[in-house]
Amino acid sequence: MPELLRTTESTRAASGKRARMSLLEVAAELERRLPLVKVDAVAADALADEVRRKILADAGREAVADAADVTDAADATRLRGVPTHQAGVRLWNLVVRLVRDGGSAATTTLDVVDTSTVTPSSNNNKSDTNNTTTTSPYARLLRHGRVFAFLAIHAGTTPTTSTLSTGAVQTSTLAHLLYLLDIAIRAARACINEDDSELSHVVLEKAVRYVQQAKDLLAQMDASEDAARQKTKFEKQEARYVILKIAQFRKENRLQDADQLYDDDRTRSLMESADAATATEFSSTLFDIGKTLVSKQDFLGAITWLDRAKKAAPEKGQGPSLSAWLKELRWAIMYTLTVATLSVGTPDGYKQAAELVQSLLDEAGEDDARVQLVQLGLLASSSAGTFDADAYANVLRRMVQGFDGSDAAFRLLQHHIQKLHTKSPGLGCKVLDEFLLALRHKDATEAIEKLIIMRVWLLAQQREAQEELDAAERVLSKLRMPISANTAVGAQTIIWKRIEQGYQEKQYTMAARWCRLALCHVFEAGGRANRALIERKLLLCSIESGDLEAAKAIHAAMSAATLDEPMTKYILFKLSIKKNDLEMAIECLRSISTSVNGRELLYACIHHARHAKAPRFTAQALKKLADTTGHGNPTSIHTPALFRCIILMLRDIIDGGGSHKNDSGNEVYSQPDQDKASRDLADIFEGVVEAAETSHDCGTGTETPVFPKDELEWFCRAAYTLGLRYSGQWDLRLTVRILTACTRIINLFPAGQELPVTTDTVHKMLTCHFLVASALAALARRPAPPTPPEQVLRDYHVMREHIRAFQTKLKQPGQSSEKGTASSDFLSKLGVLLIFDFEGAIGLGDWDELENICEQAVVCQNADTFRVLGDCLLRSQAQVPSKKFVSTMRLIVQKLRDTGTFGGDKLIKYYRCLFQAALYRDNNAAFQVLEEVCHTVPENTVASTGDDWPDDELQFLAVTAFNEGIDWFAGGREDQARQWALSATRLAGRCRDGGKLKGQIRERFALLQLGDLEVKPSVEVEMAADEPDISSALPSEAMEE
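Numbering (the UniProt record's numbering), first residue to last: 1 to 1041.
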């Protein structure tokens, strides 16, 4: 691309014409390129650099201006048409249009230089409004183009003064100077506004020359009306120049030079005669200096310049727009001056600020936002002495009423409400509440959310009281609009810190109030998790403060999901301790134990229960921990120690029933408590057995067992002791469970290892089996409450297992060598157990075992055992099959007879019962019983012997047998009738009635005409063939007979 701008390489001695041609070419190129590069930042920036180099290169060459000197009016008129001037004017107007349009294609008002006439009256009253304050590359290019346009106009129209000029020429020359000075001021202001000091100096150097030349011309001109008019115009332009110089000094931080220029007599004279627009501009420049000093906290210097600005501002402006702008300027000056005077912190400064504020109030009224702002500043000043919180709050209330919804006004109110809160927390919160309520009917959700956070934060920062918390809750409850989740969570987070602080300081009532505030409906968006957390803390505060009624109400109001959470159950466990509700505690522990972190919460429950000195609850928590303990992981917890703690604690509860009293004098351990503890104790011993068996089964033999022999011995001794101690007090099933656990623990004792001397395992084992079997027998017999049939069968089955175990243990080698007393005791217990076994076999229908049990009872050598067995069989004869009943009963009678301790008077009763029972079940069996009696009872029995057989029993059997024979005769069985009559005759012969009954039987039998009653061998052989051999059941004497 060809070079856009060709710089002149000529020296300062080059001709003016060549210089003007170079400017002309550059101006033309700029005029062409400016509209084209506004969308190309790179090209605009490059072009601006080229223009800047051209301006700075030509700035020192005064040859151009010297070559354009005019000496008369004709030359001046000729110079108006110089192409360089015209190009400069066109470029100037183009730049102004581009600046004002901001890139648009058209504009309605253009600040242009008239190309038809160069008289300054066409432009010197126009304001140069700079609408583009951005520092973009294109704005920089336009600023450089403006300066270059000025230099082109300067080169094309640069008059000189001459002492020989006539009055008309002087007037024309002065007009040209004022024209150029006006353009220079405009160009310099553009540079100063954008902090381009280098270019502003280039322009102002030319402006200084214009001012001096104009002064010289005015001094030469004669006094006339036209000269006075020109002087007035010049003084206006000179005032603008002075204002621009002061602005430049401010930009360059040369305030001392600005101060000297302000104090100059010429400046004072110019400003006193300046019009309203110039005075307003001068006041604005001075205000900028004062504002800059305020930002630098140089308040004393700021007061000086702001006071000057206040004095320089005219009373009235020219035109409505200028008047409005002047009014805003005066407001800004007075406000900034008030801030500066208050910032000084002196009584004089405060007094001056109060006067300024009063002036503002008188002028605008108390509802003006800016007046309210300075009022707040005045009231908050440290020089005011005592802070008037009420007045401050009243101003804020007026600001709330006039709130326009803008972000700036909102942030301002926030700031001042917070400042009021630091001085008076109560008033600050009240004003904030009024602000909240004022916004609830407006579409200001975001503002309300910010104020809610602020309200909670301010409340959390102050030393709260019940009334303040109530006030906050009332205000928040009136807000029915939904808020975002972030706001709700943020507010609840702030409140939670105060809840935790109050709880840690044991201020439970205040912490509960904070919880209720956090549960306000406006925070519903905070989520269920946060609500559950706060509800639990509220419940905890109520528990700790002892307000159980409130705790119950909170519990009832909780949602089902919250109630099911493990942490909620933990807190409810605490509540159950306060309420002394063990069932509720157990339910809580059950839910906790099934949760993910259940073990940690169970530890917490145990710790709290121990701290609360509630052994029942501690035992329940320990029991539940034992239920959840992984027996396969012995490193997690020492299982035996845990079980020992629970057993000892439950034992203390059982032993201490009614003996421990609380502060109110009530019994801590009632009978239901003891019953529950006993049931739990049985559960624990069963848990010990399960854990020990699991450990035993999983053990490798190389590692230390979880339940070593000393631990097993301790649990065995504890179960045995407790089972025996309370066997007569507890429900029998608890005794069964505990003693069964004892036997199972004994079975886990390591084989081949020496046990403690105190561990008589055999004695414990036999005693436990005996007691368990006895208890189960008692449960099966229990009439009230009746045991269900299914349970009775199960009890009989388990009972018989323990009886078998007792027998097995008793038969082990070495047991017969026990001391005689012990052996006799265990044999006695065995007899009792065999009776239970016999009863169990009948109950279970195990008929084949009945005779075996009777055989096993022989070792007891106790007739009473067989007697009881016989009684039991007789009571159950309806259930036992006939053959089994007869055979078993015959065996029992035989065993009774073999003991030698039963006389005939007792045996005959068993025979009678056996005979009667068999007669209606099995006729042959009854006949065998009758024959057995005949062989057993000796003939010629005398009453003097101790083994006498009662005649009435023998007579009953004989008569019954004869009647049975008659029945057979009636049925046509004469052979059977004869045999029954023969047996009746033999029995009658054993009676001590002198043969009277025997004779009667023979007489009656003779009436049947069946022959005599002599025994025939053929009949006996027939009977022997029909009936089983009973010789084994007869004594040796009977066989010989």
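Backbone N, C-alpha and C fix where the C-beta goes; we use that ideal spot for every residue, glycine too.
Query, Result
"Residue closest to residue 483, alpha-carbon to alpha-carbon, out of 530, 828, 452", "452"
"The alpha helix (DSSP H) enclosing residue 807, as first and last residue numbers", "789 to 811"
"Assumed close pair residue 476, residue 429 - CB separation to whole angstroms, cut-off 8 Å", "Residue 476 to residue 429, Cβ: 12 Å. No contact."
"Sequence-distant residues of its chain with Cβ nearer than 6 Å to residue 1001 (five each side left out)", "962, 984, 985, 988"
"Of the residues 241, 196, 256, 173, the one placed nearest residue 217, counting alpha carbons only", "173"
"CB contact flag (residue 922, residue 882, <8 Å)", "yes"
"Chain-order list of residues whose beta-carbon lies under 6 Å from that of residue 726 (same chain, five-residue window excluded)", "none"
"Residue from 95, 473, 454 whose Cα sits closest to the Cα of residue 494", "454"
"Cβ separation of residue 206 and residue 154, assumed to be a contact under 8 Å, to the nearest whole Å", "6 Å"
"Check whether residue 914 and residue 890 have beta carbons under 8 Å apart", "yes"
"Through-space distance from residue 269 to residue 311, alpha-carbon basis", "14 Å"
"Three-state secondary structure assigned by DSSP to residue 271", "helix"
"Buried versus exposed, by CB contacts within 10 Å (16 or more), residue 88", "buried"
"Residue 359 burial status per 10 Å Cβ neighbour count (16 or more: buried)", "exposed"
"Segment contact, 8 Å Cβ cut-off, at least three pairs: the segment 271 to 279 with the segment 248 to 256", "no"
"Length of the line joining the Cα atoms of residue 584 and residue 672", "15 Å"
"Spatial distance of residue 104 from residue 261 (CA atoms)", "With a pLDDT of 36 at residue 104, under the threshold of 50, the modelled position of that residue is not reliable, and the figure given next carries that caveat. Residue 104 and residue 261: Cα-Cα distance of roughly 40 Å."
"beta-carbon residue 557 near the ligand FAD non-hydrogen atom, thresh 7 Å", "By its list of ligands, the structure shown contains no ligand whatsoever, and the ligand FAD lies outside what it can speak to."
"Assigned exposure category for residue 621 - 16 Cβ within 10 Å defines buried", "buried"
"Runs of beta strand (DSSP E) wholly within the segment 140 to 227 (minimum 3 residues, chain order)", "none"
"For residue 429, three-class secondary structure by DSSP", "helix"
"Spatially closest choice to residue 332 from 345, 313, 697, by CA coordinates", "313"
"Buried or exposed by the 16-neighbour rule on C-beta atoms within 10 Å, applied to residue 704", "exposed"
"Those runs of the alpha helix (DSSP H) which lie wholly inside the segment 396 to 461 and span at least 4 residues", "407 to 423, 425 to 439, 445 to 461"
"Where residue 1015 falls, given that 16 or more other Cβ within 10 Å makes a residue buried", "Only weak support is given to the placement of residue 1015: the predicted model assigns it a pLDDT of 48, under 50, and the value that follows is read from those uncertain coordinates. So residue 1015 ends up on the exposed side."
"Cβ neighbour criterion (16 or more within 10 Å) applied to residue 680", "buried"
"Element boundaries [alpha helix (DSSP H), containing residue 533]", "528 to 545"
"Residue 348 versus residue 355 - alpha carbon distance", "11 Å"
"Coil, strand or helix - residue 554 by DSSP", "helix"
"Burial state of residue 597, where buried means 16 or more other Cβ atoms lie within 10 Å", "exposed"
"Run of the alpha helix (DSSP H) containing residue 101, from where it starts to where it stops", "83 to 101"
"Per-residue DSSP class, three states only, for residue 920", "coil"
"Residue 370 in three-state terms, based on DSSP", "helix"
"Three-way DSSP call (helix, strand, coil) for residue 483 in this model", "coil"
"Cβ-Cβ separation, residue 830 to residue 854 (assumed contact under 8 Å), whole Å", "Actually they do not touch by this definition, with Cβ atoms about 13 Å apart."
"Chain-order list of residues whose beta-carbon lies under 7 Å from that of residue 402 (same chain, five-residue window excluded)", "367, 369"
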